[in-house]
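The structure appears right after this line, and notes come after that.
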Amino acid sequence: MATVETNDIRGLDIDKLVKGFALTEYIFKSMVTVSSTSGDAIRWYQETAADLTATAPSVVANISPLSTFPTLEVTWTRNTSYVRKYAAEGFISMEDIKSADIDVLARTMLRLTRAVVKQVDRRIYDVMTESQSPSNIGTAAATGTGWDDTTNGNPILDIMAAKQNIAENNYNPEGGIIAMNPKNQKDLMNYLINVKGSSIPQFASQKVQTGVVMEMLGMRVVVSNNVVADSVFVGLPARACTWKSHTDTTAKAIADPGVGTKLRVWEMGEGLLTDPKAAYLITDTDT
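Just so we're aligned, residue 150 is where the sequence shown starts under the working numbering, counting upward by one.
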């Protein structure tokens, strides 16, 4: 069996491996607001986005001298969410640990971590898009029959309509993201280059943030397989969503003497849609 020294070294590598890999694989978690929570239930408030106005006959503007100030009331919706647990485990036999090189251990940990991280990021996307059944965020169907409709489709118009909706709800959409899956990225590029004959948008010269492939219309284009087919998200993740982290990505190796080692990876938390009007979902992007 492997020596104590080797086990210690591998344990150190596991921790570094998992932490580093999780950071590079997160797409949406790296863009939303992250804060901690210690309980399993989270009470939070969703503030009404509309500007405050006075109820007639009161007015805010042009108040006469000595008149009573109008009373304006901010409203919130109280919500309760519950922490979710994401976990996966694998097992490596004593024989493999002793005879195989470190890549067996490393690859197992990477694959387990990916399984957990993928589900966390998918949960965040589902929260931001209300599981693709919008009731609070802005939404509209794509122009024509979708982004692959080269005759009637118009991805640029759809994106600008999303930005307009966000701006009309008093959020500045500049610097936000346009999140799509690889198919819709292909459709967008085909529309820009082959249909409209436009020059290629500004590609990110370096990945300052994971998942960002280019910039256009004042926003960052993000490509991820966690973006559900037939939809594109436009918005400000850091304003729209908060990830309440109970337990960050964690890995442990549990020895079973004479048999092998069990590897476990887990994370706990939940996403909150605190500012729904900072988010917009373009639906029906595929014909």
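Built from N, CA and C at the ideal position, the CB exists for glycine as well.
Leaving aside the five residues before and after D433 along the sequence, list all residues of the same chain whose C-beta is less than 7 Å from its C-beta, in chain order.
-> Non-local C-beta neighbours of D433 in its own chain, meaning closer than 7 Å and more than five positions away in sequence, comprise A290, A291, G295, D379, ordered along the chain.
Rounded to whole angstroms, what's the CA-CA distance from T410 to V253? Just pull it up for me.
-> 12 Å
Following the continuous beta strand (DSSP E) through N314, name the residue where it begins and the one where it ends.
-> Per DSSP, N314 belongs to no beta strand (DSSP E); it is in the alpha helix (DSSP H), 304 to 317.
Between which two residues does the alpha helix (DSSP H) containing I246 stretch?
-> 243 to 248
Nonlocal neighbours in the same chain, by C-beta distance under 8 Å from Y231, ignoring five residues either side = D189, A190, I191, E419
Cutoff 6 Å; reference S354; Cβ partners in own chain excluding five residues on either side | At S354, the pLDDT of 49 sits below 50, so the modelled position is not reliable; the number obtained from the coordinates is stated separately. Within the same chain, S354 has no close Cβ partners at all.
Applying the criterion that 16 or more other CB atoms from any shown protein chain within 10 Å of the CB defines a buried residue, is V376 buried or exposed?
-> buried
Of the residues K234, L259, V208, which one's Cα is nearest the Cα of L106?
-> Here the chain has residues from 150 to 436 only, and residue 106 is not among them.
Where does Y274 fall in DSSP's three states?
-> helix
Considering only the beta carbon of each residue, do N374 and N330 sit closer than 8 Å?
-> yes
E416 classed as buried or exposed, judged by whether at least 16 other C-beta atoms fall within 10 angstroms = E416 is buried by the Cβ-count criterion.
State buried or exposed for I431, treating a residue as buried only when at least 16 other CB atoms are found within 10 Å of its CB.
-> buried
Length of the line joining the Cα atoms of S248 and S242 = 10 Å
Shortest alpha-carbon distance to T262 belongs to which of N321, M368, G169?
-> G169
For V265, which of K234, N301, L306 has the nearest alpha-carbon?
-> K234
Report the option in K426, L412, V362 whose CA atom is closest to the CA atom of M338.
-> Comparing Cα positions, the closest option is V362.
Can you tell which of D397, T398, L385 has the C-alpha that lies nearest to the C-alpha of I286?
-> L385
Might you give, ordered along the chain, the residues of its own chain that have their beta carbon closer than 8 Å to the beta carbon of T399, omitting 5 neighbours on each side?
-> Excluding sequence neighbours, T399 sits near V167, V414, W415, E416.
Give the straight-line distance between the Cα atoms of T436 and G325, rounded to the nearest whole angstrom.
-> 26 Å
Same chain only: Cβ atoms within 8 Å of M277, ignoring 5 sequence neighbours per side = F177, V181, I286, F382, G384, P386, A389, C390, G420, L422, A428
List the DSSP bridge partners of V344.
-> Beta-bridge pairing links V344 to no other residue.
Going by alpha carbons, who is nearest to Y194 out of N343, V223, N333?
-> V223
Relative to the C-alpha of N319, which residue among T202, S179, K426, V208 is closest?
-> K426
For A402: DSSP bridge partner residues = A402 is bridged by DSSP to L412.
Whole-angstrom distance between R256 and T152, CA atom to CA atom | Bear in mind that the predicted position of T152 carries a pLDDT of just 40, short of 50, making it unreliable; the figure below should be weighed with that in mind. Their Cα atoms are separated by approximately 21 Å.
Cα-Cα, which of G367, N301, M368 is closest to K345?
-> N301
Starting from M338 and walking both ways along the alpha helix (DSSP H), at which residues does that stretch end?
-> 331 to 339
Using three-state DSSP, classify E419 as helix, strand or coil.
-> Strand at E419.
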